[in-house]
Amino acid sequence: MLEIKNLHASVKGNEILRGINLKINAGEVHAIMGPNGSGKSTLAQVLAGRESYEVTAGEVLYNGKDLLDMSPEDRACEGVFLAFQYPVEIPGVTNNYFLKAGLNSIRKYRGQEPLDAMEFLKLVKEKLNVIEMDQTLLNRPVNEGFSGGEKKRNEIFQMAVLEPKLSILDETDSGLDIDALRIVADGVNKLRSKDNATIVVTHYQRLLNYIVPDFVHVLVDGRIVKSGGKELALVLEEKGYDWLREDVASPVQA
Amino acid sequence: MNTETNDIEELANREYKYGFITDIESDTAPKGLSEDTVRFIAAKKNEPEWLIEWRLKAYRHWLTMEEPAWPNVHYPKIDYQDMIYYSAPKQKDRLKSMNEVDPELRSTYEKLGISLAEQERLSGVAVDAVFDSVSVATTFKEKLGELGIIFCSFSEAVKEHPDLVKKYLGSVVPTSDNFFAALNSAVFSDGSFCYIPKGVRCPMELSTYFRINAANTGQFERTLIIADEGAYVSYLEGCTAPMRDTNQLHAAVVELIALDNAQIKYSTVQNWYPGDKEGKGGIYNFVTKRGKCAGVNSKISWTQVETGSAITWKYPSCILLGDNSVGEFYSVAVANNYQQADTGTKMIHIGKNTRSTVVSKGISAGHGNNSYRGLIDIKKNAVNARNFSQCDSLLLGDKCGAHTFPYIEVKNSTAKVEHEASTSKIGEDQIFYCKQRGLSTEDAVNMIVNGFCKEVFRELPMEFAVEAQKLLGVSLEGSVG
């Protein structure tokens, strides 16, 4: 589904990603771990198409198409979803309106008829159950006045409605108490299927107790320095990241 | 070029020499402004002596006044002797079909979702649809007539209802009020008049859409609306399609009077030609709008969405004279490209327990400059007066400006006055967030701006609100990204 080859990216002249290689198949969950500042969020933003990051080398193939050549909205329409680390507030625009506009824009791109208000409401009510939130959420302005936990749940709610093929969860666990974490993780698990894939970006192992990954990759200084199965996360929990830094110094990259 | 100018001057001078009496046969007043011009206009309209005197008084006062220099707007000096002050509504060269209309204008109409019949009317295409709307107007007029509501052109009102006009004309905006109001009083050509009798609730939104006979009155318009005791009226001004007008200066005057327990709701959507992307051309909109809550428990609400004009200079105000009267002002003003807007309101609290609310939303994009200027004036006897003002500015891009000039004068210690202000910038992160959910940049900006203006839009009558939203989208097209 997704193939990242030697991806380099910089912001304001600082190189942050220094040659990422990663292959993700449908049905898989990949966790990207790493210390602060290692480039995890940058990778998430670059995949979603944020303009402030400049891709200086490499390529990304998404279902055989050149992902980097697409606008952010086209990527969304092709099924790429980013759950933001810091969800953005849009005052005066209700969640309901926002999400309906997004969904219908995506449906239009795919040649589907737009949903009318009633159809949309039916769909949305179904999906609210996924994250155990009540309907009042729909009429509140997008993320405005939301608690940290509500914002994160709102992201997963949007994900449930938009039904993406590739979901990227950027530090979705940060700022969540243990109950909210369980709800969010349950939501993500309910949405897992053999047709879609998920990238979970986190720097704590905690989330991975709930969302069990098929692969774990460790990102340090803009490169993946180690990959393994779900047990790698436990090693990291125990040993931290420093022992891997020394690996970076030695030339392991092709 | 020079000879042409000389010819015009010669012509102007010659006609001037002959005075207004012979010119009465012609449709256009000679260039320039003098007592003769004023008399010419009055004579053209067969006005009674009192009105001629009223105009002349205004003109004489105007001569002593100076153009205001305090607004935060910049434009070349206007030569008032180089203008024509009266031109009879003329049949313009009629277009035969929509195919002859400027394609750019047509695409804007389509984006606004204006019906074909309406498009044809607006572009002045000679088809039956035009007459359809006339008949619509007539039907409504009959229905209103049954309730005793008077809704007609100003000229008609002068003839048919001289007592009402004489009683209220200039009672809110005196001829000497300000430079542009004095000018308007001297040379106004036409406008609309509306009277709602005691206890009558006007059953429909009164709109300039139906005011065909005053459609071409142009530069100096005069509107007078009176709601008698216990009456209610909602009046819609303007038109949501772009009017390409060749007149540079518009100086209108609007007066509203609400008697005991009466309520007037006045909504404007203004989108005159704002000039091109380089700031060439465009209309100067220097308007005086004021309402007087003359009676107890009366209420006047102004709602405006200003997206057009090169320069907007406009402060719809309320004089809260009656005890317990309420004044409201809701405004969205857009300044894109090189547009300049200096707009706001004045709330003059005179009666006891008077209340006012001000919500102003300024949007600046491109090189646009938006200023809010407001006065909250609590007079000595205004016991328990209350005001709440909120002024928010939204910036799109980094070459535009937003300014706020709030003035507060309080002479009664029981008054409560609150003022809140904020300035924000449409964030790249907001736009990216929307795009990540599948929206185009344009749709994202539209959504964010509309969210920002929501408190004002919900004050507009439903169909107007929908059009205002679309209009905002068109005005801001291409301003980000």
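If you're matching them up, the sequences are chains A and B in order.
Be aware that the first sequence starts at 1, since it is given in this note's numbering, and climbs by one per residue.
Be aware that the second sequence starts at 1001, since it is given in this note's numbering, and climbs by one per residue.
Heads up, the beta-carbon is just placed ideally off N, CA and C, and yes, glycines get one too.
Own chain, CB closer than 7 Å to residue i, minus 5 neighbours either side, in chain order
i, result
"alanine 1402(B)", "Gly1362, Ser1364, Asn1370, Ser1393, Leu1395 and Thr1423"
"glutamate 1035(B)", "Leu1056 and Tyr1059"
"leucine 162(A)", "Phe81, Gly102, Leu103 and Ile106"
"leucine 244(A)", "Val218, Val220, Val225 and Lys226"
"glycine 79(A)", "Pro164, Lys165 and Leu166"
"alanine 57(A)", "Asn6 and His8"
"lysine 1425(B)", "Leu1395"
For residue i, the three-state DSSP class (helix, strand or coil)
i, result
"methionine 1485(B)", "Since the first residue of chain B shown is 1001 and the last is 1481, residue 1485(B) is not available in this structure."
"serine 1364(B)", "strand"
"threonine 1175(B)", "coil"
"glutamine 1436(B)", "helix"
"serine 1267(B)", "strand"
"proline 1068(B)", "coil"
"cysteine 77(A)", "helix"
"phenylalanine 321(A)", "Outside the displayed range of chain A (1 to 254) lies residue 321(A), so it cannot be described from this structure."
"alanine 221(A)", "It should be pointed out that residue 221(A) corresponds to aspartate in this sequence rather than to alanine. Coil, per DSSP."
"phenylalanine 1329(B)", "strand"
"arginine 1290(B)", "strand"
"methionine 33(A)", "strand"
"leucine 1236(B)", "strand"
"alanine 57(A)", "strand"
"phenylalanine 1040(B)", "helix"
"alanine 197(A)", "strand"
"serine 1301(B)", "strand"
"alanine 1421(B)", "strand"
"histidine 8(A)", "strand"
"glutamate 3(A)", "strand"
"tyrosine 1086(B)", "coil"
"proline 91(A)", "strand"
"threonine 1343(B)", "strand"
Neighbourhood of residue i by C-beta distance below 6 Å, restricted to the same chain and skipping five residues each side
i, result
"alanine 1335(B)", "Ala1341, Ser1364, Gly1368, Asn1369 and Asn1370"
"glutamate 1221(B)", "Gly1191 and Ala1252"
"alanine 1181(B)", "Val1173, Val1253 and Thr1288"
"valine 1332(B)", "Val1305, Lys1361, Cys1453 and Val1456"
"glycine 222(A)", "Ile16, Leu17, Arg18 and Gly39"
C-beta atoms of residue i and residue j nearer than 8 Å
i, j, result
"glutamate 150(A)", "threonine 172(A)", "no"
"valine 220(A)", "proline 35(A)", "yes"
"asparagine 1324(B)", "threonine 1354(B)", "yes"
"histidine 1349(B)", "isoleucine 1378(B)", "yes"
"phenylalanine 81(A)", "serine 193(A)", "no"
"isoleucine 1084(B)", "alanine 1043(B)", "no"
"isoleucine 32(A)", "isoleucine 199(A)", "yes"
"isoleucine 1264(B)", "valine 1233(B)", "yes"
"alanine 185(A)", "glycine 27(A)", "no"
"cysteine 1194(B)", "leucine 1183(B)", "no"
"lysine 1380(B)", "lysine 1411(B)", "yes"
"isoleucine 90(A)", "phenylalanine 98(A)", "yes"
"asparagine 1387(B)", "valine 1417(B)", "yes"
"phenylalanine 157(A)", "lysine 122(A)", "no"
"serine 1309(B)", "proline 1274(B)", "yes"
"tyrosine 53(A)", "valine 60(A)", "no"
"glycine 1451(B)", "glycine 92(A)", "yes"
"leucine 1476(B)", "valine 1449(B)", "yes"
"alanine 1231(B)", "proline 1197(B)", "yes"
"leucine 1460(B)", "threonine 1303(B)", "yes"
The ligand FMN heavy atom lying under 7 Å from the CB of residue i
i, result
"glycine 1148(B)", "Absence of the ligand FMN from the depicted structure is noted, as is the absence of any ligand whatsoever, leaving it without description."
Residues of its chain near residue i, where Cβ-Cβ distance is below 8 Å and the 5 sequence neighbours each way are ignored
i, result
"isoleucine 1024(B)", "Reliability fails at isoleucine 1024(B), whose pLDDT of 33 lies under 50, so the model's placement of it is uncertain and the value that follows must be treated cautiously. The residues are Phe1040, Ala1043 and Lys1044."
"lysine 125(A)", "Gln135"
(message) I'd like the ranges of any alpha helix (DSSP H) spanning at least 4 consecutive residues and lying wholly in the region 108–190 of chain A.
(response) Positions of the alpha helix (DSSP H) runs, each at least 4 residues long and wholly inside the region 108–190 of chain A, are given as 117–130 and 148–162 in order along the chain.
(request) Scan the region 103–114 of chain A for residues whose Cβ lies nearer than 8 Å to a Cβ of chain B and list them as they occur along the chain. (result) Using a CB distance below 8 Å, the part of the region 103–114 of chain A facing chain B consists of Leu103, Ser105, Ile106 and Tyr109, ordered along the chain.
(request) Using a Cβ-Cβ cut-off of less than 8 Å, list which residues of the region 1408–1435 of chain B approach chain A; keep chain order. (result) Only Gly1427, Glu1428, Asp1429, Gln1430, Phe1432, Tyr1433, Cys1434 and Lys1435 from the region 1408–1435 of chain B bring a Cβ to less than 8 Å from some Cβ of chain A.
(message) At a CB distance below 8 Å, what residues from the region 1461–1474 of chain B approach chain A? Give them in sequence order.
(response) Of all residues in the region 1461–1474 of chain B, none comes within less than 8 Å of chain A when Cβ atoms are compared.
(request) Below 8 Å between beta carbons is the criterion; list the residues of the region 1445–1460 of chain B that meet it against any residue of chain A, in chain order. (result) Those would be Met1447, Ile1448, Asn1450, Gly1451, Phe1452, Cys1453, Lys1454 and Glu1455, in chain order.
(request) Check distances from the C-beta atoms of the region 224–236 of chain A to those of chain B and list, in chain order, the residues that come in under 7 Å. (result) Listed by position, the residues of the region 224–236 of chain A near chain B (Cβ gap below 7 Å) amount to none.
(request) Any chance you could list the alpha helix (DSSP H) runs of at least 4 consecutive residues sitting entirely within the region 1146–1193 of chain B, in chain order? (result) As summarised for the region 1146–1193 of chain B, the continuous alpha helix (DSSP H) elements at least 4 residues long and confined to that stretch are 1154–1160, 1162–1168 and 1179–1187, given in chain order.
(message) Give me the subset of the region 43–68 of chain A whose CB atoms are less than 8 Å from a CB atom of chain B, sorted by chain position.
(response) Within the region 43–68 of chain A, the qualifying residues are Ala48, Gly49, Arg50, Glu51 and Ser52.
(request) With 9 Å as the limit, tell me which residues of the region 1369–1402 of chain B have their beta carbon closer than that to any beta carbon of chain A; keep them in chain order. (result) Here the close residues number zero.
(message) Residues of the region 1030–1057 of chain B in Cβ contact with chain A at a cutoff of 7 Å, in chain order, please.
(response) So nothing in the stretch comes that close.
(request) Please list the residues of the region 151–163 of chain A that have a C-beta atom closer than 8 Å to any C-beta atom in chain B, keeping them in chain order. (result) Legend: CB atoms of the region 151–163 of chain A lying less than 8 Å from CB atoms of chain B belong to residues Gln158 and Leu162.
(request) Pull out every residue of the region 1260–1282 of chain B whose Cβ sits closer than 9 Å to any Cβ of chain A, in chain order. (result) Correct list: empty, as no residue qualifies.
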